[in-house]
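First to last, the protein sequences are chains C and R.
Letter by letter, the first sequence follows residues 4 to 619 of the working numbering.
Letter by letter, the second sequence follows residues 54 to 252 of the working numbering.
Heads up: the structure comes next, in structure tokens.
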Amino acid sequence: MAQTTNTTVHDVVVVGSGAGGGTVTKVLADLGVSVLLLEAGPMLNIADLKEHMWPYQVSHRGAGARGQAYTGGSTGFTYSATYGGAQLEGEPYTVAPGSDFSWFRSRILGGRTNHYGRVTLRMADYDFKPKTTDGLGYDWPISYEDLAPYYDKAERLIGVTGSVEGIRSAPDGIFNPPGALKAHEVLIQKSCAKLGIRAVSSRQAVTTVARNGRPPCHYCGQCGRGCMTASNYAASYVQIFPAMKTGKVQVVANAMARELLTDATGKVTAVSYIDKTTGSERQVRCRTVVLAASCCESTRLLLNSKSSRHPQGLANSSGKVGRYLMDTVGFSMSAMVPALSGMPHYNTDGYGSHLYVPWWLWDKHKTLNFPRGYHIEVGGGYGMPGVGSFTGVVNRTEGYGVRMKQAIRDEYGTSVGLSGRGEMIPNEDSYCEIDPGVKDKFGIPVLRFHWKWSDHELNQVRHMQETFRAILEGMGGQVNAGGRGGRANQANNPSSQTGQRAGGQAPQTGQAGPQTGQANAPAGQPTTMGQQAPNQGVPISRGGAIIHEVGTVRMGDDPRTSPLNKYCQAHEVKNLFVADAAPFVSNADKNPTHTIVALAWRTAEYLAEELRKGNV
Amino acid sequence: MSDISRRDALRRLGLALMATGALDRVAAEEVHHMAADAQAAAAGPYTPRTLTPAEFRTLERLTDLIIPVENGAPGAVAAGCAAWIDTISSENDQLKKIYKDGLAWLDTAMKSRGAANFADATPAQQTALLDQIAFRRNQSPELAPGIEFFTWARRMTVDAFYTSPIGIKDIDYRGNSPMGSYPEPTEAIAYVLKRVPTL
């Protein structure tokens with residue numbers, strides 16, 4: 004394969020342009036440091052976002068170009084800003100026998116931040132010291148006080164909604180004014196209050212005031228499709244485009260990183276990548292490199308950077324690269340709430356959910372049979388009608404004509420959903436490694452996943468089941484059968500064919516990707532969900548399905564047990580940094596993006612200072 | 054506004070944002086209106102792609118019965134439901150067979166009830182047949198294909214109707230539109246709280 008090496012030595016090469024890479028790029032550019040940014044996907048053009056499109060503006064209206072919503076097969080992400088999924092053409096991954104795991108990847112400038120749920124939660128003080136708190140897992144090498152200034156900076160840049168509450172499990176930030184609660188959210192809040200549970204304004208990465216040239220949110224409710232006015236956060240339009248204007252940033256799109264090249268001293272000298280537009284292999288030389296390709300892609304890159312000096316992959320003498328893979332514990336339940344039927348219609352879109360429930364039993368663990376906790380995201384309202392929105396109601400009521408229409412009307416907007424998002428304890432059975440026999444279309448060896456939930460997580464889901472039922476029934480709700488891992492309510496998903504009650508708006512995380520809650524296994528990888536009920540019959544989400552994978556290149560003070568130090572710098576390779584969710588030591592019940600941004604910001608400032616001092 | 058000019062407008066907007074890092078609210082709202090108006094110009098007579106003219110006429114009458122004009126409010130015919138079903142079926146052999154076979158079944162069933170075919174039967178004859186095949190409780194070997202087909206036709210007519218501008222207006226969905234602020238829905242809150250006195 005032809006190789007092209009430019010002789011220019013870049014101060015910093017950043018691999019990946021999501022929350023981590025976008026933050027590093029912006030912070031370094033603002034500090035006057037030049038950055039070369041490699042992105043595996045194409046450039047994003049904001050004009051391509053389908054933010055305000057109506058179903059009738061697409062010929063198939065969301066049923067898929069060949070009507071897949073009706074006869075099977077993925078319909079893709081017709082309206083969302085998602086560029087990617089669990090299945091990417093020619094880019095497989097494998098799952099070990101007995102495991103079940105789904106890996107969502109995005110290939111576009113900005114990565115998954117273009118479409119994600121935008122839940123923006125600070126980790127609590129005790130979240131940094133889980134082992135000290137309850138003896139399980141591992142402590143972070145940093146504390147809340149170390150990261151708090153960077154949460155502040157992130158919130159000032161991004162704009163986060165919320166209200167000051169003084170709850171230990173949910174530290175307050177620098178909030179811009181939240182939107183008013185919707186009617187179903189008032190019901191949820193009151194039902195929670197009767198159970199002693201406090202529900203508060205949601206904390207979303209949406210600016211409700213003008214900020215750095217970004218106009219305030221216009222409450223169109225289509226955040227999952229990207230935001231043409233850049234009022235919500237995505238790394239692409241909030242960080243990378245502004246950073247490009249400094250003249251310090253060069254973006255190389257369609258560049259799929261293959262491996263890191265090192266010299267005899269063990270330092271990284273260049274990044275090798277496939278130029279997807281020509282298929283040829285190229286190299287860029289660097290003084291320092293920052294991996295922000297997503298938790299598992301950064302891991303894959305390190306493990307594939309093998310040499311005689313680094314037989315286990317780069318920065319991996321500890322053998323911990325790939326270990327302690329975690330996702331978020333997910334469970335959802337929905338109900339039809341008769342009180343909402345016949346309600347005077349209003350625009351329920353806003354910026355998604357305006358309410359959430361922080362973990363409320365953080366000081367009551369002696370009374371629980373599981374460690375750590377979860378928060379609850381809520382859904383409901385009059386979602387935009389789509390293909391499948393009313394399939395459930397018409398199949399139940401049957402008939403035709405005006406009576407059928409009335410049944411649809413009566414049920415529209417009466418569905419309320421709750422989604423639990425909880426902490427998983429890292430375990431020895433959940434990890435990724437290089438599959439010895441499978442390569443992707445670029446010839447790059449792929450990841451093989453191993454996954455296991457423990458009783459800690461299953462008991463947590465059992466607690467969610469009881470709690471959610473109590474909240475929903477407390478407002479007179481009729482709970483829909485089952486409940487499941489993943490999203491509370493897919494009814495406003497244009498491609499939904501689940502036939503659930505119609506019209507409900509999915510909780511924010513649901514907007515991250517219309518089908519992510521039940522992503523399919525990669526081709527040729529049958530899941531193990533078959534012979535007997537897995538997970539003791541507990542309807543916990545599939546590993547990876549919540550798309551919060553973290554932890555596989557963790558930070559820590561001891562090089563024997565942690566690949567990275569407390570600045571996310573490799574213990575063994577001083578000019579190598581990781582700035583996505585791979586450095587996480589635990590996966591608190593706080594959606595990871597906010598901590599990715601804060602941690603990457605801190606790493607970038609440290610890196611700039613080390614460059615200035617000539618230490619790297 | 055044509056799709057192309059709308060796209061150009063959106064692209065310009067995107068470039069403006071990229072170039073200046075800023076956009077004013079007026080421009081943002083303009084995008085919403087352009088998106089909402091874009092479809093209006095696209096209407097025109099539809100030529101079936103998959104169904105014969107006779108089959109299409111039958112399907113159109115069926116959709117009219119599923120979602121009729123209601124107190125003057127337009128139904129499935131005005132919303133173009135049959136056209137959408139025909140378009141989708143033209144891209145999916147499985148759906149194409151479902152509709153070809155199902156529409157033929159309707160004609161055969163209507164002949165055995167004394168009419169020339171479904172479309173030319175009287176409204177009373179048509180609804181008499183639908184009253185049988187619109188409910189699973191009427192399941193019988195004779196009606197099974199009709200019940201199965203009607204479930205498909207009802208589901209897809211409903212999908213087509215409520216994803217059309219007419220259907221979105223009919224269901225009174227008020228979102229996907231810009232607002233200067235998000236006001237408290239006081240009337241709705243008062244309504245629901247009154248209905249759950251235990252809270």
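Glycine included, every Cβ here is placed at the ideal spot set by N, Cα and C.
- The DSSP-derived three-state label of residue 14 (chain C) is strand.
- Of the residues assessed, residue 198 (chain C) falls on the exposed side of the cut-off, its CB having fewer than 16 other CB atoms within 10 angstroms.
- For residue 353 (chain C), the beta-bridge partners assigned by DSSP are C:223.
- Your pair residue 343 (chain C) and residue 379 (chain C) does not check out as a contact, with CB atoms roughly 19 Å apart and the cut at 8 Å.
- Taking a contact as a CB-CB distance under 8 Å, the pair residue 246 (chain C) and residue 32 (chain C) counts as one, their CB atoms being some 4 Å apart.
- In this structure residue 189 (chain R) is not in contact with residue 178 (chain R), their Cβ atoms being roughly 22 Å apart against a cut-off of 8 Å.
- Taken in chain order, the complete alpha helix (DSSP H) segments of 4 or more residues contained in the region 328 to 383 of chain C number zero; there are none.
- Going by DSSP, residue 285 (chain C) is part of the beta strand (DSSP E) stretching over 283 to 294.
- Per DSSP, the continuous alpha helix (DSSP H) segment holding residue 405 (chain C) begins and ends at 404 to 414.
- Inside the region 180 to 229 of chain C, DSSP marks whole alpha helix (DSSP H) runs of 4 or more residues at positions 186 to 197, from first to last along the chain.
- Along the region 158 to 181 of chain R, none of the residues has a CB nearer than 7 Å to a CB of chain C.
- Listed by position along chain C, the residues whose Cβ is nearer than 9 Å to that of residue 188 (chain R) are 401, 402.
- Only 140, 141, 142, 144, 145, 147, 148 from the region 139 to 156 of chain R bring a Cβ to less than 8 Å from some Cβ of chain C.
- One thing to note: residue 125 (chain R) has its Cβ no nearer than 8 Å to the Cβ of residue 202 (chain R).
- DSSP places residue 163 (chain C) outside both helix and strand once states are collapsed to three, so it counts as coil.
- Against chain R, the CB of residue 251 (chain C) has no partner CB under 8 Å away; the residue lies outside that interface.
- Following the DSSP letters along the chain, one finds residue 166 (chain R) in no alpha helix (DSSP H), marked with neither H nor E.
- Proximity of residue 217 (chain R) to chain C, defined by a Cβ-Cβ separation below 8 Å, is satisfied.
- In this structure, C:279 is the residue among C:151, C:539, C:279, C:566 with its C-alpha nearest to the C-alpha of residue 93 (chain C).
- Along the region 342 to 364 of chain C, going in chain order, the ones with a CB nearer than 9 Å to a CB of chain R are 342, 343, 344, 345, 346, 347, 348, 349, 350, 351, 352, 353, 354, 357.
- One finds 388 in chain C with Cβ atoms closer than 7 Å to the Cβ of residue 220 (chain R), taken in chain order.
- At least one C-beta of chain R is nearer than 8 Å to the C-beta of residue 58 (chain C).
- A check of alpha carbon separations from residue 397 (chain C) across R:211, R:233, R:221 identifies R:211 as the nearest.
- Residue state for residue 143 (chain R) is assigned as helix, using DSSP reduced to three classes.
- At a cut-off of 8 Å, the C-beta of residue 193 (chain C) has a neighbouring C-beta in chain R.
- Within chain R, no C-beta atom comes nearer than 7 Å to that of residue 572 (chain C); the closest sits roughly 31 Å away.
- At a cut-off of 8 Å between beta-carbon atoms, residue 136 (chain R) makes no contact with chain C.
- One thing to note: residue 606 (chain C) has its Cβ within 8 Å of the Cβ of residue 580 (chain C).
- Listed by position along chain C, the residues whose Cβ is nearer than 8 Å to that of residue 237 (chain R) are 183, 184.
- If you look at residue 103 (chain C), you'll find it isn't in any beta strand (DSSP E); DSSP assigns it neither H nor E.
- Comparing C-alpha distances from residue 191 (chain C) to each of C:430, C:340, C:465 shows the shortest one belongs to C:340.
- Cβ atoms of residue 212 (chain C) and residue 179 (chain C) come within 8 Å of each other, at about 5 Å.
- For residue 71 (chain C), the enclosing alpha helix (DSSP H) stretches over residues 71 to 74.
- Straight-line spacing of the CA atoms in residue 395 (chain C) and residue 352 (chain C) works out to 22 Å.
- When the alpha-carbon of residue 86 (chain C) is set against those of C:444, C:76, C:58, C:116, the nearest one is in C:116.
- With respect to the 8 Å criterion, residue 594 (chain C) and residue 122 (chain C) are classified as neighbours on the basis of their beta carbons.
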